[in-house]
Amino acid sequence: MSLLFSIIIPTCHRNDMLAKCLDCLAPDKQTLAFELYEVIVSDDGTQSTAKEFISLHYPWAKWVKGPMKGPAANRNNGAKHASSGWLIFTDDDCLPAPNWLEVYSNAIHSHPEVKAFE
């Protein structure tokens, strides 16, 4: 099975909200198999504890240091670290539904004319 999606989450000093978002993307919470997606948190915090927080509570998520140039640059930074051809962006205060990734997968498979980034 190859990686299908890279989920990019920009964050900045909001571990409480980030935790709720990551809880929704945990390997046992999504209906899409965890082997098909990765989670990348791009952290723009200057005094952030997100790196240690993620390492301790969400070791399956990848933490990357943000560029410290605002939300758009932080999203792009996360995308640079993606390993798949399909990027999905969400914010740290969003709560993805359990079938969120499966819906994306179904849409892609029902429209073969749409191609992933290569």
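Just so we're aligned: 11 in my numbering is position 4 of the sequence shown, and the numbers increase by one with no gaps anywhere. A virtual CB, placed ideally from N, CA and C, is assigned to each residue, including glycine.
State the CB to CB distance for the pair Tyr-44 and Ile-15, rounded to an integer number of angstroms; the pair is presumed to be in contact (CB under 8 Å). Locating residue 44 in the sequence shown gives position 37, counting from the first residue. Locating residue 15 in the sequence shown gives position 8, counting from the first residue. About 11 Å separates the beta carbons of Tyr-44 and Ile-15, which is beyond the 8 Å limit, so they are not a contact pair.
Euclidean distance between Cα positions of Asp-51 and Cys-101: Translated into positions along the sequence shown, residue 51 becomes position 44. Translated into positions along the sequence shown, residue 101 becomes position 94. If you take the alpha carbons of Asp-51 and Cys-101, they lie about 17 Å apart.
Can you give the beta carbon distance from Met-17 to Pro-66, rounded, assuming they're within the 8 Å contact cut? Stepping through the sequence shown from its first residue, residue 17 is reached at position 10. Stepping through the sequence shown from its first residue, residue 66 is reached at position 59. A small correction: the amino acid at residue 17 is Pro; Met does not occupy that position in the sequence shown. The C-beta separation of Pro-17 from Pro-66 comes to about 20 Å, leaving the pair out of contact by the 8 Å criterion.
Would you please state the rounded distance, in angstroms, between the beta carbons of Trp-70 and Lys-58? I believe it to be under 8 Å. Against the sequence shown, residue 70 aligns to sequence position 63. Against the sequence shown, residue 58 aligns to sequence position 51. Sure, about 5 Å apart at Cβ, within 8 Å.
For the putative contact between Asn-113 and Thr-38, defined by C-beta atoms under 8 Å, what is the C-beta separation to the nearest angstrom? On the sequence shown, position 106 is the one that residue 113 refers to. On the sequence shown, position 31 is the one that residue 38 refers to. So it is not a contact: roughly 10 Å between Cβ atoms.
What beta strand (DSSP E) runs, 3 residues minimum, are completely inside the stretch 78-112? Entirely contained in the stretch 78-112, the beta strand (DSSP E) runs reaching 3 residues are, in chain order, 93-96.
Around the Cβ of Ser-55, are there at least 16 other Cβ atoms within 10 angstroms (buried) or fewer (exposed)? Here residue 55 refers to the residue found at position 48 when the sequence shown is read from its first residue. Ser-55 sits buried, since 16 or more C-beta atoms from the chains shown fall within 10 Å of its C-beta.
State the Cα-Cα distance for the pair Pro-103 and Val-110, rounded to the nearest angstrom. Locating residue 103 in the sequence shown gives position 96, where the first residue counts as 1. Locating residue 110 in the sequence shown gives position 103, where the first residue counts as 1. Here the C-alpha atom of Pro-103 lies approximately 11 Å from the C-alpha atom of Val-110.
Does the beta-carbon of Ser-62, which I'm using as the reference point, lie nearer than 7 Å to any heavy atom of the ligand FMN? Inclusion of the ligand FMN in the displayed structure is not the case, the ligand content being empty and no account of it being possible.
Under 8 Å between C-beta atoms, does Glu-109 make it to chain B? The question asks about chain B, but that chain is absent: this structure has only one protein chain.
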